[in-house]
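Participant: Residue numbers for the sequence shown follow my numbering, so the first one is 1462 and each next one is one higher. The structure is given below, and queries will be raised subsequently.
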Amino acid sequence: MTAVFLQARLDSSRLPRKALLDLAGKTVVEHAMNALSLVKSDIRMLLTTEDSENELRPLAAECGWDVFVGPKDDVLARFVLAARETGASVIIRATGDNPLVSPAMANAALKISESSGAAYSGIRGIPVGAGVEIIRVRRLEEAYAEASDPYEREHVAPFLYRRPERFHIEIQDAPSVYSFPEGRITLDTPEDYTFLNGLFQELYSGAPLELDQVIPYLKRRS
């Protein structure tokens, strides 16, 4: 069973409550959920924390997503516990500060995972903020049991990709039309928000934007 797990909370230190910022009439996290709803999966779930649940749950429900509430700082545990609750065997991991996550690249990464059986799969060469990680839950259980580095607990997958001698890691290059590694479309700072707000005002027309629409804008602005 395949699950899209989107992690989001509202107490970011650099840009507090960024998941709720408005972009062309929708919140950042709604844009992420709408895009990820186009990804092949059996489960779509927003993974959050107790102090963010009340504000995020109604948005998830409106998008047709379930909600899982887990540990605040041990995000690895949050993912493993959500996988156990849902019975997921493959996780498509995304983050709520990426309103322009690419459904096409997520589906491509999922195909890589399916064909390779890798513990960790992904696409390289796309703009920062457009990608997802595909993770095998049985391997993530090993990370959960063994990881002691706080960075590996916070960022979920580093225990796997830091150990390519132990785990099968499969990363492939993006098709040329989606390749623009110098591009940045994540939301982490007020400057990022200003940039994304301008992008959405110019390009967004109600449906999730895809990279073949976004990259020409990025190139014009670079």
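Cβ atoms here follow ideal geometry from the backbone N, Cα and C, with glycine treated the same way.
DSSP on residue 1581, reduced to helix/strand/coil?
Facilitator: Three-state DSSP puts residue 1581 in a strand.
Participant: Along the chain, where does the beta strand (DSSP E) containing residue 1529 start, and where does it finish?
Facilitator: Note, residue 1529: beta strand (DSSP E), 1527-1530.
Participant: Quick check on residue 1511: does DSSP put it in helix, strand or coil?
Facilitator: Three-state result, residue 1511: helix.
Participant: Per the DSSP calculation, residue 1465 is bridged to which residue(s)?
Facilitator: BP columns for residue 1465 point to 1505 and 1553.
Participant: Can you tell me whether DSSP reads residue 1572 as helix, strand or coil?
Facilitator: Three-state result, residue 1572: helix.
Participant: Considering Cα atoms alone, identify which of 1494, 1480 and 1512 is closest to residue 1466.
Facilitator: Closest option to residue 1466, Cα to Cα, is 1494.
Participant: Please state whether DSSP places residue 1671 in a helix, a strand or coil.
Facilitator: Coil, per DSSP.
Participant: Tell me, please, which residues DSSP counts as bridged to residue 1589.
Facilitator: DSSP output for residue 1589 lists 1645 as bridge partner(s).
Participant: In three-state DSSP terms, what is residue 1610?
Facilitator: Note: residue 1610 maps to coil in three-state DSSP.
Participant: Starting from the Cα of residue 1653, find the closest Cα among 1558, 1566 and 1470 and give me that residue.
Facilitator: Selected option, being the one with the closest Cα: 1558.
Participant: Could you say which of 1642, 1680 and 1603 lies nearest to residue 1624 if we only look at CA atoms?
Facilitator: Ranking 1642, 1680 and 1603 by Cα distance to residue 1624 puts 1603 first.
Participant: Between residue 1596 and residue 1554, is the Cβ-Cβ spacing less than 8 Å?
Facilitator: Taking 8 Å as the Cβ cut-off, residue 1596 and residue 1554 qualify as a contacting pair.
Participant: Could you tell me whether the Cβ atoms of residue 1536 and residue 1570 are closer together than 8 Å?
Facilitator: Going by C-beta atoms, residue 1536 is not nearer than 8 Å to residue 1570.
Participant: Taking DSSP as the reference, what is the three-state secondary structure of residue 1484?
Facilitator: The answer is strand: DSSP assigns residue 1484 an E or B state.
Participant: Give the straight-line distance between the Cα atoms of residue 1676 and residue 1650, rounded to the nearest whole angstrom.
Facilitator: Their backbone Cα atoms lie some 20 Å apart in a straight line.
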